[in-house]
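Trainee: Under our numbering, the final residue of the sequence shown carries the number 125; numbering is consecutive throughout.
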Amino acid sequence: MAYKIERRKTDLTPYVYICEESGVMKLEGESYHENVFEFFREIKEWLAEYLKTDFDSFTFDCELVYFNSSTVKILLGMLLDMDNSKNCDKITVNWITTKNNRIIIECGEDFEEDLDNLTFNLITN
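1. Within this structure, are the beta carbons of Glu63 and Ile96 separated by less than 7 Å?
2. If you follow the beta strand (DSSP E) that Asp81 is part of, which residue opens it and which one closes it?
3. Answer yes or no: do Ser57 and Lys9 have a C-beta to C-beta separation smaller than 7 Å?
4. Might you give, ordered along the chain, the residues of its own chain that have their beta carbon closer than 7 Å to the beta carbon of Met78, omitting 5 neighbours on each side?
5. Counting along the chain, where does the alpha helix (DSSP H) carrying Phe132 start and finish?
6. How many angstroms separate the CA atom of Phe120 from the CA atom of His33?
7. So, with DSSP's three-state summary, where would you put Lys4?
8. What do you get for Phe67, buried or exposed, if any count of 16 or more other CB atoms within 10 angstroms of its CB means buried?
9. Taking C-beta to C-beta, are Ser31 and Thr71 nearer than 7 Å?
10. Counting along the chain, where does the alpha helix (DSSP H) carrying Cys88 start and finish?
11. Quick test of your reading: Phe40 and Ile74, contact by CB under 8 Å. State the CB separation rounded to the nearest angstrom.
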C-alpha cells in the first residue's frame, strides 16, 4: 500500500499532505515548533526511501507563510536530497507565497540557487 499522510495545521506546525500514489507532497501554513526535527522525522524518512524508487513524477508544493531557522535546515535538506536523487529530472518544486512576503521569496530564491537539477518554480500570488 502506498504511503499517505495528512496532518492538520496547528498554531506551530504546518498542514502536511503526502500521497505517494499521486506523487504529491504539500506543506502549508507556519512551522516554528520547538522540536521541528521530530515533527519532520517521519516525512524525511519517507522521502529518503521514496527518492530511491522509480516514480513517474513528484511535486512538492511548499506554501509556508512563516518558518523558523530549524525548519529552513529541514527544508534545505529535503530539497538537496531531491536535487541529488536519481530521479531529480522528474521532480517539481513549487515555492508558493504572496507578493509581499519578502522573507519567503528571498528564502525561495536562495534555495533555488543551491539546486541544480530540479524544476523550481517561485510562484507569487
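Just so it is clear, CB atoms sit at the ideal spot from N, CA and C, and this is done for glycine as well.
Predicted model only: the values in this text are computed from it and were never measured.
Mentor: Judging by the given coordinates:
1. Here residue 63 refers to the residue found at position 63 when the sequence shown is read from its first residue. Here residue 96 refers to the residue found at position 96 when the sequence shown is read from its first residue. Yes; because the gap between Cβ atoms is below 7 Å, this pair is in contact.
2. Here the question's residue 81 lines up with position 81 in the sequence shown. It is not in any beta strand (DSSP E) - Asp81 instead sits in the alpha helix (DSSP H) that spans 69-83.
3. Locating residue 57 in the sequence shown gives position 57, counting from the first residue. Locating residue 9 in the sequence shown gives position 9, counting from the first residue. For Ser57 and Lys9, no; Cβs fall outside 7 Å.
4. The count along the sequence shown starts at 1 and reaches residue 78 at position 78. Only Lys44, Leu47 meet the Cβ criterion.
5. Nothing in the structure corresponds to residue 132, since the chain is present only between 1 and 125.
6. Sequence index remark: in the sequence shown, residue 120 carries index 120 (1-based). Sequence index remark: in the sequence shown, residue 33 carries index 33 (1-based). Near 26 Å, if we compare the C-alpha coordinates of His33 and Phe120.
7. Within the sequence shown, the letter at position 4 stands for residue 4. It is a strand residue.
8. Taking the sequence shown and counting its residues from 1, one reaches residue 67 at position 67. Buried.
9. Translated into positions along the sequence shown, residue 31 becomes position 31. Translated into positions along the sequence shown, residue 71 becomes position 71. Going by C-beta atoms, Ser31 is nearer than 7 Å to Thr71.
10. By 1-based counting over the sequence shown, the position of residue 88 is 88. Element bounds for Cys88: n/a, residue is neither H nor E.
11. Position 40 of the sequence shown holds residue 40. Position 74 of the sequence shown holds residue 74. About 5 Å; that satisfies the 8 Å criterion.
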